[in-house]
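Enquirer: The sequence shown runs contiguously to residue 153 in our numbering. We put the CB at the ideal spot given by N, CA and C, even for glycine.
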Amino acid sequence: MKKKLDKTKTNFITSCAFLNVRFRRNFWQVATEVWTHGGIADVIAIDGNMVHEFEVKISCADINKERKKRKHHDKSRMPNYFTLVIPHEKRIYKCAKKFVEEVNHKYGITTISKDCIVRVKKGSQILHRNNSNSLDQLRKNTFQRATSELANIRKKLYKIKGFDKW
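#1: Taking Tyr80 as the reference, which of Ile99, Phe69, Pro66 has the closest Cα?
#2: Buried or exposed for Tyr145, please, with buried defined as at least 16 other CB atoms from any protein chain shown within 10 angstroms of its CB.
#3: If you check the beta carbons only, do Leu125 and Asn67 fall under 7 Å apart?
#4: Across the region 31 to 38 and the region 5 to 20, are there enough close Cβ pairs to call them in contact, namely three or more that are closer than 8 Å?
#5: Given that a residue counts as buried once 16 or more other Cβ atoms are within 10 Å of its Cβ, and exposed if not, what is Phe150?
#6: Would you report the Cα separation of Lys148 and Glu136, rounded to the nearest angstrom?
#7: To the nearest angstrom, report how far apart Phe69 and Val90 are at their CA atoms.
#8: Is it the case that the Cβ atoms of Thr1 and Val38 are separated by a distance below 7 Å?
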């Protein structure tokens, strides 16, 4: 049961982060679960030639697992900006703050409340200006993932409304 609750919480926070990046920050190229050279990004946003990655973490254990990922030790695998997105909970914020202080002080921290209120606790700073990640490939992956998400949402919507057969 806990895994299902964790998945629901992760999906909610990811959705709030996605909506915030797309509509409040006005990024045009945004998708979730996009394959990058550093692994799968929870939310990726491309603004011109700059890549922003938003990694959703719902617990301190989750944050500590992030520390081991190769992208934090190999700059060629990093986006231009990196932000941890966490629930608006003091305990988890302390873990996120410690992670940023120890791994890379340029990383950002954003919290999301149960009402989908987004608070930037620490803005991310640019990590680098070059894109050794293939930007064209990343754009393709982002577009492909976004259209797949849209197709799956529409598929579920039509099943709910009884349009599962044509």
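Expert: Per the coordinate set shown:
#1: Ile99
#2: exposed
#3: no
#4: yes
#5: Any reading at Phe150 must be qualified, since the residue scores a pLDDT of 45, below 50, and its modelled position is unreliable; the value itself is stated next. Exposed: under 16 other Cβ atoms inside 10 Å.
#6: Reliability of the predicted coordinates at Lys148 is poor, the pLDDT of 49 falling under 50, and the value obtained from them is presented with this limitation in mind. Those two C-alpha atoms are separated by around 18 Å.
#7: 12 Å
#8: no
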